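*Asks:* Dropping the structure in here first, questions after.
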Amino acid sequence: MEKTDHNAHSVYLMYYHLIMVVKYRRKVINDSISERAKEIWEYIAPRYGIVLEEWNHDIDHVHVMFRAQPKTELSKFINAYKSASSRLLKKEYPEIREKLWKEAFWSQSFCLLTAGGAPVEVIRRYIETQGEKKY
Numbered sequence: 001m002e003k004t005d006h007n008a009h010s011v012y013l014m015y016y017h018l019i020m021v022v023k024y025r026r027k028v029i030n031d032s033i034s035e036r037a038k039e040i041w042e043y044i045a046p047r048y049g050i051v052l053e054e055w056n057h058d059i060d061h062v063h064v065m066f067r068a069q070p071k072t073e074l075s076k077f078i079n080a081y082k083s084a085s086s087r088l089l090k091k092e093y094p095e096i097r098e099k100l101w102k103e104a105f106w107s108q109s110f111c112l113l114t115a116g117g118a119p120v121e122v123i124r125r126y127i128e129t130q131g132e133k134k135y
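In structure tokens form, the structure reads like this:
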């Protein structure tokens with residue numbers, strides 16, 4: 001069920017689909033690293049008025065569906081998240097340094113798409129199936 005956010009003056013329902021890619025598309029994301037990256041997201045997101053809806057990964061990128069408020073500065077949040085998660089993941093998972101020896105974990109670029117209405121469930125199902133073997 002979709003949740004509508006509101007305050008005294010407005011009602012809004014803004015969904016986004018974000019794709020973040022590991023720098024050089026290195027194949028370093030496993031379930032443990034993805035789960036930790038998700039925890040970092042959930043720690044930072046509320047400060048920006050962001051609510052996580054779906055999270056999943058493949059070996060070189062993550063898919064995230066989230067809700068945000070109109071006032072949310074999305075690029076500021078994404079950059080803050082990428083910076084913090086990059087630092088923490090490389091510190092907590094030293095094996096990452098074998099494939100990414102410089103500072104950045106994430107590619108500088110990202111893909112951010114708006115989503116809403118009927119497509120939200122389609123996107124949710126798509127994200128849920130990321131990383132599954134397709135034969």
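Quick note on numbering: UniProt numbering labels position 3 of the sequence shown as 3, and the sequence is numbered without any gaps. Cβ coordinates follow ideal geometry from the N, Cα and C atoms, glycine included. None of the values given here were measured: they were computed from a predicted structure.
1) Express the C-alpha separation of Tyr93 and Val29 in angstroms, rounding to a whole number.
2) Once DSSP output is grouped into helix, strand and coil, what is the label at Trp41?
3) Going by C-alpha to C-alpha distance, which of Ile59, Glu73, Lys38, Glu54 sits closest to Arg47?
4) Output needed for Gly131: all residues of its chain with C-beta closer than 8 Å, excluding positions within five of it in sequence on either side, in chain order.
5) In the DSSP assignment, find the unbroken beta strand (DSSP E) run with Ala104 in it and report its ends.
6) Taking the beta strand (DSSP E) that Glu53 belongs to, which residues open and close that run?
7) Can the beta-carbon of His61 be found less than 9 Å from the beta-carbon of Glu54?
8) For the beta strand (DSSP E) that contains Leu74, what are its first and last residues?
9) Suppose the cutoff is 8 Å on Cβ atoms and the five residues either side in sequence are ignored; what does the same chain contact list for Trp41 look like?
10) When the Cα of Met14 is compared with those of Glu35, Arg67, Arg97, Lys90, which residue comes out closest?
11) Tell me which residues share the same chain as Leu88 and place their Cβ nearer than 8 Å to its Cβ, disregarding the 5 neighbours each side in the sequence.
12) Could you please give me the residues that DSSP links to Thr114 through a beta bridge?
13) I believe Lys23 touches Ser107 by the beta-carbon criterion, under 8 Å. Please report the beta-carbon distance rounded to the nearest angstrom.
*Replies:* Let me lay it out:
1) Rather than Val, the amino acid found at residue 29 in this sequence is Ile. Distance between the alpha carbons of Ile29 and Tyr93: 11 Å.
2) helix
3) Glu73
4) Asn56, His57, Asp58, Ile59
5) Note, Ala104: premise wrong, no beta strand (DSSP E); not H, not E.
6) 50-57
7) no
8) Leu74 -> not in any beta strand (DSSP E); alpha helix (DSSP H) instead, spanning 74-92.
9) Leu52, Trp55, Val64, Tyr81, Ser85
10) Arg67
11) Arg36, Ile40
12) Tyr16
13) 5 Å
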